[in-house]
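In case it helps, the working numbering puts the sequence shown at residues 289 to 538. First the structure, in the form of structure tokens, and then the observations on it.
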Amino acid sequence: MIVLKTNRELAVMRKAGVISQQALRLAGEMVEPGVSTWDIDKAVRLFIQSQGAVPSFLGYDGYPASACISVNHVVIHGIPKKSVILKKGDIVSIDVGAQYQGFHGDNAWTYPCGEISGEAQALLDATEKSLFLGVEKARPGNRLGDIGHAVQEYVEARGYSVVREFTGHGVGAEMHEDPSVPNYGTPGRGVRLTAGMVIAIEPMINLGRKEIEIKADGWTVETKDKSLSAHFEHTVAITPNGPVILTLPQ
């Protein structure tokens, strides 16, 4: 069931989104050679809690951390560990959510660790661009297929592939709500978008093939061919005046 949000609820979600964004920005500033993903996760948790919010991911279906930190060929859901030390040339996808006054914000970004290859930078640039192309389609009267098609068309034209098994989603009182928001699709198909909907648009784009595999820990998702993967995400409210990104600085 898709839950439409009131203006009051959207105001609370805006605050949750800002806290999520600030936590993500803090994490991104820590991406440097020699830093462990565990250290980044700890900083994220402490910051979110300092804002009177709760890390959305911590304990979610048993997830053991406050952020998902996925390095290089890890697509999503990388578990922070003291043993995972970042090095120059890595690309680091960080996904952070915060619950504030009963509502969630959710966002992700892929950061370069020092100087990265031109191939890696091009992947990051294309994935980021595809996110905003998807956001532009998040307007009343459009359909979910319009969002997914905008993402898919842009990245596949550049030789990249779209992960199929994981998608964006509705956001609200639950971190994951209906509808699912695929990063592929056919224009004019799927659920019609309505003012009051809030969705997370989150392209997960691979440098190589689209196939993925889930590791034995039940969380870590990797590209099957071990190619690089990038992940960018914003929480977006659909309003009568068009899309409003809730996970941006105030």
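Backbone N, C-alpha and C fix where the C-beta goes; we use that ideal spot for every residue, glycine too. Predicted, not measured: the structure shown is a model, and the values here were computed from it.
query                                                                                                                           : result
Runs of beta strand (DSSP E) wholly within the region 367–414 (minimum 3 residues, chain order)                                 : 379–388, 391–400
N295 - containing alpha helix (DSSP H), residue span                                                                            : 295–317
Of the listed residues R446, P343, G447, V423, nearest to E436 (C-alpha basis)                                                  : It should be pointed out that residue 436 corresponds to Gly in this sequence rather than to Glu. Selected option, being the one with the closest Cα: V423.
Three-way DSSP call (helix, strand, coil) for V423 in this model                                                                : helix
N- and C-terminal bounds of the beta strand (DSSP E) containing P358                                                            : Per the sequence presented here, residue 358 reads as Ser, with Pro not at that position. 355–359 is the span of the beta strand (DSSP E), which, as asked, contains S358.
Residues that A525 bridges to, as DSSP identifies them                                                                          : V486, V532
Cβ pair count under 8 Å reaching 3, the region 502–510 against the region 404–412                                               : no
Contacts around Y442, its chain only, beta-carbon distance under 8 Å, and the 5 residues preceding and following it disregarded : A414, K417, S418, L421
Inter-residue Cα distance where the pair is Q310 and A386                                                                       : 10 Å
Given 8 Å, three or more beta-carbon pairs between the region 294–314 and the region 376–392                                    : yes
Distance between beta carbons of I382 and A355, contact taken as under 8 Å                                                      : 6 Å
CB-CB length for K369 against P321, believed under 8 Å                                                                          : About 17 Å separates the two Cβ atoms, so there is no contact after all.
Where G506 falls: helix, strand or coil (DSSP)                                                                                  : coil
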